[in-house]
Structures are given as structure tokens and as C-alpha cells.
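Worksheet: one structure, shown below.
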Amino acid sequence: MIHRRLLLTSVLLAGLATGCVQGESGAAPPAPGELRLDYAYYNPLSLVIRDQRWLEDELKGTKVTWVLSAGSNKANENLRAETIDVGSTAGAAALQARANGTPIRTIGVYTRPEWTALVVAKGSSVTGVEQLKGRKVAATKGTDPYFFLLQALEEAGLGGTDVEVVNLQHADGRTALERGDVDAWAGLDPLMAQSQVDAGSKLVYRNPAFNSYGFLNAREAFLAEQPDLAQKVIDAYERARAWVAAHPDEAVRLLAAEAKLAPEVAAVVLKERTETAISPVPGAEQRAVLERILPTLVRESQVRSEQEARAALDSLFEPRFAEKAQASS
């Protein structure tokens, strides 16, 4: 009897220590675990949350692990490998990943950016997309810059096979452009803005409509097993959105420090090319962008089939977490 009372007391104390209370359903609270999420220089809200340590302070019984995403492709790789639970990508990359079998859902929208354009070196004679035919273009496959390139080529009457795509991670693409190893680069901020300032690189084609939104994606298993943690993440993102609005200069300094940028470069990225004052709820606006991109993904064989891509689009959004966070804020 004494042993049973001690055991019961230990269980209750463990529940109190982790902030867990048994729900009305009678199910036992989950054991303390780990929350694994990414941060990325193209996702300024993630930098704020990581820097302010809001999740660490609130989730005392949960280990919070941060993993750097060098691009949407890396975030999707880590989600697929279950290395992270929540990752930030471009919208088109999220659609491609789900269409190709990665079990993720979009639970929030972090920014509406103009984070990509087609870039040439300072002394390049290229002034338009049509002049890229037969030339080398650096791009990171599976990311918004790559999908931006495909859309730009299509608009100019060209296809993906009309250029030689050199598949490089974003930072390596910038280096290849500045060294003269490629004729153009499908750039990504903040590297793109830095290349403009430091190397005089030129944006030869811009189109904000070809940039898909910043999507926050979670593994389906994580959402089923840890919905409360998913809500905490989205709540932190809304807190970060408000923080950036209230502290724009501090946000610029944070991005500059994290990404090792000159302050003027960080200011271009955050104040001129990134809109954070948007609804976090994935819905009609984001779907419209993906509807426009989907035929390009199919035509260029970036998804297994059109049927799977459309099924993925129909099931990609899981808005309940962002809806609750928006209502609370």
C-alpha cells in the first residue's frame, strides 16, 4: 500500500513539473518530449522566436531543438527524415513535397516575400529571360527560386530544358555567379540582396506574383501526437509577428547578425522585400498562388502526376492552429 501511494505521488508530481494535466477524455498526459523545429535566414520570424527563447521558457518539460534550414529543399528533407517536426519552406516547395509523398501539412503562413529573382553578374550583357536560352543558370531544385525560374522561362516562351540548370545550394549559386561559372542565378534573399550590394549583381527579372508565400509545415504524425505543441509553435509565430512590427530596427539587426549581413542589406530584405503583417491562416490567397504554379510543376515533371499534385493541394492546409492563434491575438 505504501509503495502504491509513493508511486501515485511520483506520477502526480511528474505531471505538475511538466505542466501536464489529465484531460476530460481520461487519457494520460504525454511524457516530456522534444520539439524540433527549424530556423532559416529566409524566415525572419523563426530568428526572433529562437533569439527570444519563448518556447524554451514556456515549455519547461520539453527539450527544444533548433535546426538550420539552408533552403526549402533542406527543410523538406528534414521533415521527410523526421529530423524536425516543423519546418519553413516556400509554398511551392511544400506542395511539391506533399505531392511526392512527404506527409506534411501547412499549419501557418509566416511571410509574403519577394525573396527571389533572376540575377546576373555586374558586367553581364543579359537583360532579359529570353537571352538565357542555352546558358547556365544556377538554381536550388525543390525551392521557390527554382520554381520561379521555371515560371519565368515559361512566360518567355522557353522551357526548363532550354537552359542548363546547375543544381547548387543557394549560397553556392551566388558564388558560382560571382565567379563567372554560370550566366545567371535564381537568387534567394538575403544572399541575393548581399550579392547586389557587395558584388554589383543585377536583378534582370522580378515578378512578385511568381514568389509563393512562406509556409510553416508540420509532420502529420507530429500533429496527431502533439497538437498542443503545434499550437505553441504557431502562437510563438504570432508573437514574433507582433514583435517585428513593434521593433523593425531590432529585427533588421537580428537578421544582420544571424546571417552575417551588412545592416543595409538586412534592411533591404526585411523592409523592402518581406511582408510580415499578413494573416497566418493558410487559405484562398495561398491556394490561388499554388493553383497557378501547379501546371508548371506538372509540365516540368517536378511532381509524380497531376492527379497527385491536385490531391496534395486539396489536403495541404491545416488552418485550425493559425485560426486559434489569430483569434487569441
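FYI, in mature numbering (1 follows the signal peptide of the UniProt record, and there is no 0) the residues of the sequence shown are -23 to -1, 1 to 306.
Every residue, glycine too, gets a C-beta built ideally from N, C-alpha and C.
Give a yes or no on whether the C-beta atoms belonging to residue i and residue j are separated by under 7 Å.
i: G85; j: A299; result: yes
i: A213; j: L45; result: no
i: F192; j: T83; result: yes
i: T120; j: A161; result: no
i: Y16; j: R27; result: yes
i: A176; j: E155; result: yes
i: R250; j: D166; result: yes
Take the Cβ of residue i as the centre, count every other Cβ of all protein chains shown within 10 Å, and call the residue buried at 16 or more, exposed below.
i: G105; result: exposed
i: H147; result: buried
i: N144; result: exposed
i: S278; result: exposed
i: T138; result: exposed
i: E235; result: buried
i: A289; result: buried
Can you tell me whether DSSP reads residue i as helix, strand or coil?
i: A152; result: The sequence shown places Thr at residue 152, rather than the Ala named in the question. Helix at T152.
i: N188; result: coil
i: K110; result: coil
i: A116; result: strand
i: N77; result: coil
i: W31; result: helix
Quick one: residues in its chain with C-beta nearer than 8 Å to the C-beta of residue i, no 5 flanking neighbours on either side, listed in chain order?
i: V229; result: P240, A243, A244, L247 and K248
i: F125; result: T93, A94, L95, A163, N184, F187 and N188
i: A129; result: L95, V106, Y182, N184 and F187
Taking just the CA atoms, how far does residue j sit from residue i?
i: S49; j: K209; result: 22 Å
i: T42; j: V97; result: 37 Å
i: R112; j: P122; result: 17 Å
i: A304; j: A261; result: 18 Å
i: V280; j: A76; result: 6 Å
i: A207; j: R264; result: 22 Å
Please return the same chain residues whose Cβ sits closer than 7 Å to the Cβ of residue i, not counting the five positions on each side in sequence.
i: L56; result: G64, T79, I81, N194 and R196
i: E295; result: R82, T83, I84 and L200
i: T66; result: S49, A52, N53, F192 and N194
i: A170; result: V242, V245 and V246
i: L231; result: L24, V25 and D28
i: V266; result: G68, S189 and Y190
Return yes when at least one heavy atom of the ligand FAD lies under 6 Å from the C-beta of residue i, else no.
i: V41; result: Among the components modelled here there is no ligand, and therefore nothing to report on the ligand FAD.
Please work out which residues of its chain come closer than 6 Å, Cβ to Cβ, to residue i, disregarding the five sequence neighbours upstream and downstream, and give them in chain order.
i: V221; result: A228 and T253
i: I255; result: R89
i: P259; result: T83, V86, F294 and P296
i: L271; result: A286
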